[in-house]
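**Student:** Listed in order, the protein sequences are those of chains A and B.
My numbering puts the first residue of the first sequence at 1, with every later residue one more than the last.
My numbering puts the first residue of the second sequence at 382, with every later residue one more than the last.
The C-beta atom is built at its ideal place from N, Cα and C for all residues, glycine as well.
Quick one: this structure, given as structure tokens, is what I'll be asking you about.
Protein chains: 2
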Amino acid sequence: MTRTTEGGSVGVTTTRTARLFTAESPLVLASGAELGPVDVAYETYGTLAPDGSNAVYICHALTGDAHAAGWHEGDRRPGWWDNLIGPGKPLDTDRFFVICSNLIGGCRGSTGPSSIDPATGAAYGMGFPLLAMADFVTVHRALLAHLGVKRLLVALGGSLGGMQVLQWSLDHPEDMAHAAIVAASSRLTAQNIAFSAVARRAIMDDPHFLDGHYAQEGTNPDVGLSIARMMAHITYLSEDAFTEKFGRSPQGETTNGGFGIDFAVESYLDHQGQVFLERFDALSYLYLTRVMDYFDPFSRPDALTGLAASPVRYLVLSFDTDWRFSTEHSLRIVRHLESVQQPVTFRELRSPYGHDSFLLDDPAYHATLRAWFDRALEVGV
Amino acid sequence: MTRTTEGGSVGVTTTRTARLFTAESPLVLASGAELGPVDVAYETYGTLAPDGSNAVYICHALTGDAHAAGWHEGDRRPGWWDNLIGPGKPLDTDRFFVICSNLIGGCRGSTGPSSIDPATGAAYGMGFPLLAMADFVTVHRALLAHLGVKRLLVALGGSLGGMQVLQWSLDHPEDMAHAAIVAASSRLTAQNIAFSAVARRAIMDDPHFLDGHYAQEGTNPDVGLSIARMMAHITYLSEDAFTEKFGRSPQGETTNGGFGIDFAVESYLDHQGQVFLERFDALSYLYLTRVMDYFDPFSRPDALTGLAASPVRYLVLSFDTDWRFSTEHSLRIVRHLESVQQPVTFRELRSPYGHDSFLLDDPAYHATLRAWFDRALEVGV
Chain A
1 MTRTTEGGSV
11 GVTTTRTARL
21 FTAESPLVLA
31 SGAELGPVDV
41 AYETYGTLAP
51 DGSNAVYICH
61 ALTGDAHAAG
71 WHEGDRRPGW
81 WDNLIGPGKP
91 LDTDRFFVIC
101 SNLIGGCRGS
111 TGPSSIDPAT
121 GAAYGMGFPL
131 LAMADFVTVH
141 RALLAHLGVK
151 RLLVALGGSL
161 GGMQVLQWSL
171 DHPEDMAHAA
181 IVAASSRLTA
191 QNIAFSAVAR
201 RAIMDDPHFL
211 DGHYAQEGTN
221 PDVGLSIARM
231 MAHITYLSED
241 AFTEKFGRSP
251 QGETTNGGFG
261 IDFAVESYLD
271 HQGQVFLERF
281 DALSYLYLTR
291 VMDYFDPFSR
301 PDALTGLAAS
311 PVRYLVLSFD
321 TDWRFSTEHS
331 LRIVRHLESV
341 QQPVTFRELR
351 SPYGHDSFLL
361 DDPAYHATLR
371 AWFDRALEVG
381 V
Chain B
382 MTRTTEGGSV
392 GVTTTRTARL
402 FTAESPLVLA
412 SGAELGPVDV
422 AYETYGTLAP
432 DGSNAVYICH
442 ALTGDAHAAG
452 WHEGDRRPGW
462 WDNLIGPGKP
472 LDTDRFFVIC
482 SNLIGGCRGS
492 TGPSSIDPAT
502 GAAYGMGFPL
512 LAMADFVTVH
522 RALLAHLGVK
532 RLLVALGGSL
542 GGMQVLQWSL
552 DHPEDMAHAA
562 IVAASSRLTA
572 QNIAFSAVAR
582 RAIMDDPHFL
592 DGHYAQEGTN
602 PDVGLSIARM
612 MAHITYLSED
622 AFTEKFGRSP
632 QGETTNGGFG
642 IDFAVESYLD
652 HQGQVFLERF
662 DALSYLYLTR
672 VMDYFDPFSR
682 PDALTGLAAS
692 PVRYLVLSFD
702 TDWRFSTEHS
712 LRIVRHLESV
722 QQPVTFRELR
732 SPYGHDSFLL
742 DDPAYHATLR
752 AWFDRALEVG
762 V
């Protein structure tokens, strides 16, 4: 696709880690279970204004991490949302102070099921507590307190990130002035759950999963995790995007009709499955996908009551070819918010790339975000 | 769904086996490779007219078999297309003589990769020759000769079955007067191939696959094969059908948020994956899906030339919610056939059930088939 984003880089960035909860002062989860210590990996870009009025929190999607922008030493690629964040970019770091943290339950520096439980000296494994969307919010809030940020100008996220923003805005609307929810859902469909269920099954039925004790045994459910990732990738792209990118092109000069990698699309999926193993943990995949399955915030009768006292200005965006979380998912969110008179800007953007569009720099998409961020800065916290 | 089909059962049926090729007189494949002996399992329903004018050949889909109608002793379910075939049903066995055979490469009585190679005394495994759609046609024609059927009134198939009918009608239009192609494709998309590629990967990377030697070792790639089936099932139903059938209903009275079978849709997929292991072979899954990936008959410049001398009356049907082989796949077939002035009846049927609709007894669908079959009988061979 075209590289239309203007602006510079935030340069070399460092992921820092904060111990936000300890064994003595643990994180209390929505389930009532307690977890401690809890470390959270995070990055920040730009400078917090003296009056604290320019803070933006980025919530990442299923397999994201704290490294949203800039470059780590030696990396071939910048952070995962680098096209959005930087001097002169839509999230202009000359004006905004941007925070991004790795989710608890994840595997990129924050405490998760493959972290060592100090009480046992071994990885938590399946003994890690079950999580809910509200738990992510609790930890995000603890990080804000740690950073001395009292109120957010904007909370922003795509896919699972948007789901966190929605939960956060419902549970603590006083925490933010603006909330941007992109390519997200308030309630997975049976088909959504089905894909995640098969992915989890592939992981858990891998003989190397060992009931989650794979790390102690020095192994990893590589087959299951790569199958899960390959399948997920099919759902991240539209059928037309697959056709445009790969069509029926052969991968090599000759094909033998056998069972190897004959078609270009097979090579792409194989690559996606393999590189995923280097950066993601099977248990995190289980824990984070299950949070999404159970997410259904509007089923709570009092879900919307907090917004009356502390309204939030929402931006809800969908992409017309996204079949993982179609526009209907976004419209359901819009209808709920409008039922309690929240100001909501909704737009369905045209993009051929399906769900993945939220990570790309489509000009109309970025122009929409840029205008909305600029307006947020004008309106203020 | 409603059970609208009227008519009786063909009663108790028996799958017979014919040795159509021997080691001395082998099947010559499109690749030039030879295979023998080749046994083919088949069933017939009704009676061949003295003038041979009422023969209908059913080509089955990926995981079908020869048992299309009636009951086998002790079975809980009739044949897979029993709603279509029987006295008084659209394929009225009081008037039509219906033939259905199991594909070579399959595992339901016909010679396939898990059959014993008499030359070695062991299963062929990955040494089984690679197949093409034209090879299925060669074997179907041999069965017709064996049965003394000179020309078909109708060749009919859904999904992979429709692809066989298309290939057959292009390569040997003189074999049939009418061809019905339902929910099929002349050319898989990159997304179609992607789903099959991940399924094959799940099978081949299962440690029990053993490069296809699992049978000799007394094991089976159960995990990979069930994952493949679960994933495929997601593509066989529309998203709306999943929502209607399962929604977000919990499977039991209590759910714990853990990683078991919490949602009804998870129970459905688990069941589909498990029962599939009882009736299908992993190597057959590899071989048959790969034939579909490579199928692209209209890419041959002379694909349509035979139809000038021996026109075929076509029926091409699609279902509006089928996202595995959408209406666009059927329209591509129609455009090619119409480019050489073949008589084509095309209809997109409304059905909420996605790709699986071709196996169901939607009233409009069955009425369309019934009228077209009746007309075929009037027109004759």
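#1: Do we get a CB-CB distance below 8 Å when we pair A561 (chain B) with the residues of chain A?
#2: Let me know the secondary structure DSSP gives W452 (chain B) once reduced to three states.
#3: By a C-beta neighbour count over all protein chains shown, 10 Å radius and 16 as the cutoff for buried, is P340 (chain A) buried or exposed?
#4: Should R151 (chain A) go down as buried or exposed, given a rule of 16 or more other Cβ atoms within 10 Å for buried?
#5: With a threshold of 8 Å between beta carbons, is E620 (chain B) in contact with chain A?
#6: How far does the beta strand (DSSP E) with E217 (chain A) in it reach, from first residue to last?
#7: Using C-beta distances below 8 Å, list every residue in its chain close to R476 (chain B), excluding the 5 sequence neighbours before and after it, in chain order.
#8: To which residues of the same chain is L369 (chain A) closer than 6 Å at the C-beta, ignoring the five residues directly before and after it?
#9: Residues of chain E with a CB under 8 Å from the CB of E647 (chain B): which are they?
#10: In chain A, which residues lie with their C-beta within 8 Å of the C-beta of F640 (chain B)?
#11: If you follow the alpha helix (DSSP H) that Y287 (chain A) is part of, which residue opens it and which one closes it?
#12: Taking Cβ-Cβ distances shorter than 7 Å, what residues in chain A pair up with Y617 (chain B)?
#13: For I234 (chain A), report the span of its beta strand (DSSP E) as first-last.
#14: Under DSSP, the alpha helix (DSSP H) around T708 (chain B) begins and ends at which residues?
#15: Taking just the CA atoms, how far does L84 (chain A) sit from T2 (chain A)?
#16: Determine which residues share a DSSP beta bridge with P250 (chain A) and list them.
#17: Determine the direct distance from the alpha carbon of F276 (chain A) to that of A155 (chain A), and round the result to whole angstroms.
#18: Keeping to the same chain, check which residues put their C-beta closer than 7 Å to that of Q597 (chain B); ignore five residues upstream and five downstream.
#19: Determine whether the beta carbon atoms of G32 (chain A) and A66 (chain A) lie at a separation below 8 Å.
#20: Helix, strand or coil for D302 (chain A), going by three-state DSSP, please let me know.
#21: Would you grab the beta carbon distance between A179 (chain A) and Y365 (chain A) for me? Rounded to a whole angstrom, and I think it's under 8 Å.
#22: Just by C-beta distance, which residues in the stretch 439-458 of chain B are closer than 7 Å to chain A?
#23: Does DSSP put L484 (chain B) in a helix, in a strand, or in coil?
#24: Between the stretch 600-612 of chain B and chain A, which residues of the former have CB atoms less than 7 Å from a CB of the latter, in chain order?
#25: Pick helix, strand or coil for T519 (chain B), following the three-state DSSP scheme.
#26: Classify D51 (chain A) as helix, strand or coil using the three-state DSSP reduction.
#27: What's the C-alpha gap between D420 (chain B) and D456 (chain B)?
#28: Among residues of its own chain, excluding the 5 on either side of V799 (chain B), which ones have a beta-carbon nearer than 7 Å to its beta-carbon?
#29: For the beta strand (DSSP E) that contains V165 (chain A), what are its first and last residues?
#30: Using a Cβ-Cβ cut-off of 6 Å (strictly less than) and excluding sequence neighbours within five positions of S267 (chain A), which residues of its own chain qualify?
#31: How many angstroms separate the CA atom of A690 (chain B) from the CA atom of G539 (chain B)?
#32: Skipping 5 residues on each side, what residues in its chain have a beta carbon closer than 8 Å to that of G469 (chain B)?
#33: Looking at the unbroken beta strand (DSSP E) that takes in R384 (chain A), where does it start and where does it end?
#34: Applying the 10 Å Cβ sphere with the 16-neighbour rule, what's the burial state of H233 (chain A)?
#35: Which of helix, strand or coil does DSSP assign to L144 (chain A)?
#36: Once you ignore the five residues that flank W753 (chain B) on each side, which residues in its own chain have a CB closer than 6 Å to its CB?
**Tutor:** Straight from the coordinates:
#1: Residue 561 (chain B) sits at position 180 when you count from the first residue of the second sequence. Output row for A561 (chain B): interface = no.
#2: Working through the second sequence from its first residue, we reach residue 452 (chain B) at position 71. In the structure shown, W452 (chain B) sits in a strand (DSSP, three-state: E or B).
#3: Along the first sequence, read from residue 1 onward, the residue named residue 340 (chain A) stands at position 340. According to the sequence as given, residue 340 (chain A) is Val; it is not Pro. When all chains shown are included, V340 (chain A) counts as exposed.
#4: As a working note, residue 151 (chain A) is residue 151 in the first sequence. Under this definition R151 (chain A) is an exposed residue.
#5: Sequence index remark: in the second sequence, residue 620 (chain B) carries index 239 (1-based). Output row for E620 (chain B): interface = yes.
#6: Position 217 of the first sequence, counted from the start, is the residue given in the question as residue 217 (chain A). Element bounds for E217 (chain A): n/a, residue is neither H nor E.
#7: Reading the second sequence from its first residue, position 95 is the one you call residue 476 (chain B). Answer for R476 (chain B): G427, N435, L758, listed in chain order.
#8: The residue given as residue 369 (chain A) occupies position 369 in the first sequence. P90.
#9: Chain labels in this structure do not include chain E; the protein chains are A and B.
#10: In the second sequence, the residue the question calls residue 640 (chain B) occupies position 259. Those within 8 Å of F640 (chain B) in chain A are M126, R200, M204, L286, R290.
#11: For the purposes of this step, residue 287 (chain A) is taken as the residue at position 287 of the first sequence. Where Y287 (chain A) is concerned, the enclosing alpha helix (DSSP H) stretches over 282-294.
#12: As a working mapping, residue 617 (chain B) is identified with position 236 in the second sequence. Within chain A, no residue comes near Y617 (chain B); the closest Cβ sits about 11 Å away, beyond 7 Å.
#13: Stepping through the first sequence from its first residue, residue 234 (chain A) is reached at position 234. First-last for I234 (chain A): 222-236, but that is the alpha helix (DSSP H), not the beta strand (DSSP E).
#14: Taking the second sequence and counting its residues from 1, the one referred to as residue 708 (chain B) is at position 327. 708-719 is the extent of the alpha helix (DSSP H) around T708 (chain B).
#15: Position 2 of the first sequence, counted from the start, is the residue given in the question as residue 2 (chain A). Position 84 of the first sequence, counted from the start, is the residue given in the question as residue 84 (chain A). Low confidence applies here, because T2 (chain A) scores a pLDDT of 43, under 50, leaving its location unreliable and the question unanswered by this model.
#16: Position 250 of the first sequence, counted from the start, is the residue given in the question as residue 250 (chain A). Answer is A:F263, bridged to P250 (chain A).
#17: As a first step, residue 155 (chain A) is located in the first sequence; it is residue number 155 there, counting from the start. As a first step, residue 276 (chain A) is located in the first sequence; it is residue number 276 there, counting from the start. Answer to the nearest angstrom: the Cα atoms are 27 Å apart.
#18: On the second sequence, residue 597 (chain B) is found 216 positions in, with the first residue counted as 1. Contacts found: A503, A504.
#19: Walking along the first sequence from the start, residue 32 (chain A) turns up at place 32. Walking along the first sequence from the start, residue 66 (chain A) turns up at place 66. Not in contact: G32 (chain A) and A66 (chain A) (Cβ atoms no closer than 8 Å).
#20: Taking the first residue of the first sequence as position 1, residue 302 (chain A) is located at position 302. D302 (chain A): coil per DSSP, three-state reduction.
#21: As a first step, residue 179 (chain A) is located in the first sequence; it is residue number 179 there, counting from the start. As a first step, residue 365 (chain A) is located in the first sequence; it is residue number 365 there, counting from the start. Going by Cβ atoms, the distance from A179 (chain A) to Y365 (chain A) rounds to 17 Å, so no, they are not a contact pair.
#22: none
#23: As a first step, residue 484 (chain B) is located in the second sequence; it is residue number 103 there, counting from the start. L484 (chain B) falls in the coil class under three-state DSSP.
#24: V604, I608, M611, M612
#25: In the second sequence, residue 519 (chain B) corresponds to position 138, counting from 1. Looking at T519 (chain B) - three-state DSSP - the assignment turns out to be helix.
#26: Position 51 of the first sequence holds residue 51 (chain A). D51 (chain A): coil per DSSP, three-state reduction.
#27: Residue mapping note: residue 420 (chain B) aligns to position 39 of the second sequence, counting from 1. Residue mapping note: residue 456 (chain B) aligns to position 75 of the second sequence, counting from 1. Computed Cα separation, rounded: 24 Å.
#28: An answer regarding residue 799 (chain B) cannot be provided, because it is not within the stretch 382 to 762 covered by chain B.
#29: The count along the first sequence starts at 1 and reaches residue 165 (chain A) at position 165. From DSSP, V165 (chain A) is part of no beta strand (DSSP E) but of the alpha helix (DSSP H) over 160-171.
#30: Residue mapping note: residue 267 (chain A) aligns to position 267 of the first sequence, counting from 1. Taken in chain order, the residues that qualify are Q251, I261.
#31: Sequence index remark: in the second sequence, residue 690 (chain B) carries index 309 (1-based). Sequence index remark: in the second sequence, residue 539 (chain B) carries index 158 (1-based). Taking the straight line from one Cα to the other gives about 26 Å.
#32: The residue you call residue 469 (chain B) lines up with position 88 of the second sequence. Same-chain partners within the cutoff: E387, G388, G389, D475.
#33: Since the displayed chain A opens at 1 and closes at 381, residue 384 (chain A) lies outside it and no answer follows.
#34: By 1-based counting over the first sequence, the position of residue 233 (chain A) is 233. Its Cβ being crowded by 16 or more others within 10 Å, H233 (chain A) is buried.
#35: Position 144 of the first sequence, counted from the start, is the residue given in the question as residue 144 (chain A). Note: L144 (chain A) maps to helix in three-state DSSP.
#36: Position 372 of the second sequence, counting from 1, holds the residue named residue 753 (chain B). These residues qualify, in order along the chain: L696.
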